[in-house]
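Residue numbers (the UniProt record's numbering): 1 to 357.
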């Protein structure tokens, strides 16, 4: 049973265990299917990158599927999400069609950001995915501002802001948590701790490697949960989200979720030993979930194989759709630079002359 470690405001701390397996059988199988979709999608994206069909950078959620699904399952469709550049799984779990996510990776006009965002910069206002951000920590002040807007507007929407463990070391992290706590904003900050800031371990880069404890500096409720357990993540996220929703109080949640591959598609992860890689395979959250469902009599081999075939077909369809979709017209490059027209806006392309004759 996974353990959630909680910090009370100020100095007091307590340890509580997560409510366990409260989800119904169909719900658990649904979690597994969503995790499987993310796994097969990311594997297909990695292949497309080697085929030069995806340009720029590409960071995958391989190994983080339980964290992604657990977090997203705790949100309402009307809640807002800010994330970083490792975002494909979050887009899928927020309800965005696999075709549109893959098309964005391919840089096609049918993509989530009409082909101009790529892997790192997905945005869908209807799904309330308010961006993936390539600058480390760039999303934190924006998420805090969105929570302030929600607070002004009223209602019970919540903002969730996801980040990697390296973000907990930058100034914007502390500034954002301070403001959120000071102004009682309905925002849940989530640190997805995969143990490595690119190739440097948390222990070698953080004076306090238990990152959830940093919430205590701002008298903010905080906790840490096993990110390989989708139900534990869901329950922990539910506590955090409901606190933000009902009490308009921020929350800091840390999930420990080790990525199976390198920092990006092109990172061979040579900083990991053979033993570490074997341990990662043994802790694979997808295999763990499949075993638990099988032992509970909820998902046999035949049904599991059927789901795999179904999900793989969905992903292959998304790849084919992306491949056949048109590239965006170069004339649309500046269409979304500003929300409203700006007089004298520069729309010069790299090959255009500085001055017109």
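Here a beta-carbon is modelled for each residue, glycine too, at the ideal position from N, C-alpha and C.
query, result
"Distance, Cα to Cα, residue 57 vs residue 322?", "17 Å"
"Does the distance from the CB of residue 158 to the CB of residue 219 come in under 8 Å?", "no"
"In its own chain, which residues sit with a C-beta less than 8 Å from the C-beta of residue 283, not counting the 5 before and 5 after it?", "228, 258"
"Drop a sphere of 10 angstroms on the beta-carbon of residue 186, count the other beta-carbons inside from all chains shown, and report buried for 16 or more, exposed for fewer.", "buried"
"On the CB-based measure, 16 or more other CB atoms within 10 Å of its CB, does residue 293 come out buried or exposed?", "buried"
"Taking buried to mean at least 16 other C-beta atoms within 10 Å of its own C-beta, is residue 24 buried or exposed?", "exposed"
"Answer with buried or exposed for residue 343, where buried requires no fewer than 16 other C-beta atoms within 10 angstroms of its C-beta.", "exposed"
"For the segment 92 to 151, which segments carrying the beta strand (DSSP E) assignment without a break, of at least 3 residues, lie completely within its bounds, in sequence order?", "129 to 133"
"Should residue 301 go down as buried or exposed, given a rule of 16 or more other Cβ atoms within 10 Å for buried?", "exposed"
"Tell me which residue opens and which closes the beta strand (DSSP E) that residue 189 is part of.", "187 to 193"
"Am I right that residue 368 and residue 191 are in contact with their C-beta atoms under 8 Å? What's the rounded C-beta distance?", "The question about residue 368 has no answer, for the chain in this structure spans 1 to 357."
"Measure the alpha-carbon distance for residue 93 versus residue 199 and round it to whole angstroms.", "27 Å"
"With DSSP as the reference, identify every bridge partner of residue 162, one or two as the case may be.", "190"
"CB-CB under 6 Å to residue 123, same chain, minus the five flanking residues each way: which ones, in chain order?", "113, 131"
"Closest by CA to residue 328, which one among 35, 91, 104, 66?", "104"
"Among all the DSSP beta bridges, which residues are the ones paired with residue 84?", "133"
"Taking the beta carbon of residue 154 as the centre, do at least 16 other beta carbons fall within 10 Å, making it buried, or is it exposed?", "exposed"
"My parser needs the alpha helix (DSSP H) runs of 4 or more residues fully inside the segment 180 to 266; what are they?", "230 to 247"
"Would you mind listing the alpha helix (DSSP H) stretches within the segment 285 to 316 that are 4+ residues and don't spill past its ends, in chain order?", "285 to 295"
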